[in-house]
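Asks:
Residue numbers (our numbering): 364 to 752.
This is the structure:
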């Protein structure tokens, strides 16, 4: 009994006897048999470290770390990383006025397109006129430049004579492709660009900004960005875009006249709009909001009454676009809501368009464009055949 209980009896004493070592236990007067029992118990209570398992876990961590690094590098090289970051940015922080810094401040308006926010299903069925036009344009641009509008471009600003894009662009590959189209290297104020004399020019800045347009407009864009005289500095444009909201796949503003009306315009209540801002959303179908700024609240009210009269005239709409598209246009106009913001001098129009109506109007527009093209060809032919004075 004494031998079996020795480890427990002398357990507390061992803490003060050399940490439980055999020499320390003997110094405290503990018998040798009890010393062996105590040492055996402490050895059994300590966990056994397996060196192989530790090395295996360390190797697995190293492999996972290397794998993550390779994934990030591949995502960066293929553009997937930039695309993912841009997609997240479009969903959380869609406002991007910095692109307007490359647009001249004197332009009458711009249209901003965000591909990350577009739901193609809201633009009609797959294989429809609108979807086919988008896919055809995307394929044509990619074949000519190697730039995928749906993947490489994060945001697009379209001005009357200039296009500005933010995304991921390879300047060297673009130059190699366009060399076969007779584009040559040119430079202006330290900015290199590709030029096809007498036609157009294209520049890539820092691999993330692309400028496209005629050479004078491209140079004017460089001047505006350098001098700080771009559209981004015009509050009448940026404030109107912010009023509609940047969280839309399509956003545009047209500045029709001076921002501040004259006293005569205020007193006479002129109905002429001063600016028009449009925002289009594709969430749950296509919907548009149009803000028309008038000289005064009275002028905005007069414009609302005029539009009410126009949308009620179904015959005029049918005569404009044809019987079937006219009926669809009349139905769209009937669903629209018109409201004047008190004291703001602004008329707001909200419109919803169903996918089948988009398809019908797109076909009508295509037919109208074809007829106009034929008309132009006939007029041009008559001009060529007519004898000179």
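Where a beta carbon is used, it is the ideal one built from N, C-alpha and C, also for glycine. Here the structure is a predicted model, which means the values were calculated and not measured.
With a threshold of 16 other CB atoms inside 10 Å of the CB of residue 523, please say whether the residue is buried or exposed.
Replies: Exposed, by the Cβ-count rule.
Asks: What number of angstroms, rounded off, separates the C-alpha of residue 700 from the C-alpha of residue 583?
Replies: Their Cα atoms are separated by approximately 40 Å.
Asks: Can the beta-carbon of residue 680 be found less than 8 Å from the beta-carbon of residue 670?
Replies: Their beta carbons are not under 8 Å apart, which means residue 680 does not touch residue 670 by this criterion.
Asks: Who does residue 568 pair with in a DSSP beta bridge?
Replies: Per DSSP, 572.
Asks: Are the CB atoms of residue 519 and residue 528 within a distance shorter than 8 Å?
Replies: Closer than 8 Å, so yes.
Asks: Mind the definition here: the segment 485–502 touches the segment 544–557 only if three or more C-beta pairs lie below 8 Å; say whether that holds.
Replies: At 8 Å Cβ cutoff, the stretches do not touch.
Asks: So for residue 646, helix, strand or coil by DSSP?
Replies: Residue state, collapsed to three classes: coil.
Asks: Buried or exposed: which applies to residue 526, given that a residue is buried once 16 or more other Cβ atoms fall within 10 Å of its Cβ?
Replies: Under this definition residue 526 is a buried residue.
Asks: On the CB-based measure, 16 or more other CB atoms within 10 Å of its CB, does residue 436 come out buried or exposed?
Replies: Any reading at residue 436 must be qualified, since the residue scores a pLDDT of 45, below 50, and its modelled position is unreliable; the value itself is stated next. That one is exposed.
Asks: For the beta strand (DSSP E) that contains residue 522, what are its first and last residues?
Replies: Element bounds for residue 522: 516–522.
Asks: For the segment 601–612 and the segment 634–648, state whether three or more C-beta atom pairs, one from each stretch, are separated by less than 8 Å.
Replies: At 8 Å Cβ cutoff, the stretches touch.
Asks: How would you call residue 571, buried or exposed, if buried means at least 16 neighbouring beta carbons within 10 angstroms?
Replies: Exposed, by the Cβ-count rule.
Asks: Hey, quick one: how far does the alpha helix (DSSP H) through residue 674 stretch, first residue to last?
Replies: It spans 660–675 - the alpha helix (DSSP H) in which residue 674 sits, taken as one unbroken run.
Asks: Count the other CB atoms within 10 Å of the CB of residue 515; is the residue buried (16 or more) or exposed (fewer)?
Replies: Looking at its Cβ environment, which holds 16 or more other Cβ atoms inside 10 Å, residue 515 is buried.
Asks: For residue 659, count the other beta carbons within 10 Å of its own beta carbon; 16 or more makes it buried, fewer makes it exposed. Which is it?
Replies: Flag for residue 659 reads buried.
Asks: Provide the residue span of the beta strand (DSSP E) that contains residue 558, from first to last.
Replies: Unbroken beta strand (DSSP E) run through residue 558: 554–559.
Asks: By how many angstroms is the C-alpha of residue 689 removed from the C-alpha of residue 734?
Replies: Reliability fails at residue 734, whose pLDDT of 45 lies under 50, so the model's placement of it is uncertain and the value that follows must be treated cautiously. Their Cα atoms are separated by approximately 17 Å.
Asks: Given a threshold of 16 other Cβ atoms within 10 Å of its Cβ, counted over all protein chains shown, does residue 440 qualify as buried or as exposed?
Replies: Unreliable placement is indicated for residue 440, whose pLDDT of 47 sits below 50; the coordinate value is still reported in the next sentence. When all chains shown are included, residue 440 counts as exposed.
Asks: Give me the residue from 491, 533 and 564 with the minimum Cα distance to residue 545.
Replies: Measuring from the Cα of residue 545, the nearest candidate turns out to be 564.
Asks: For residue 650 and residue 476, I'd like the C-alpha separation in whole angstroms.
Replies: Rounded to the nearest angstrom, the two C-alpha atoms are 15 Å apart.
Asks: Is residue 718 near residue 495, with beta carbons less than 8 Å apart?
Replies: Not a contact, by the Cβ cut-off of 8 Å.
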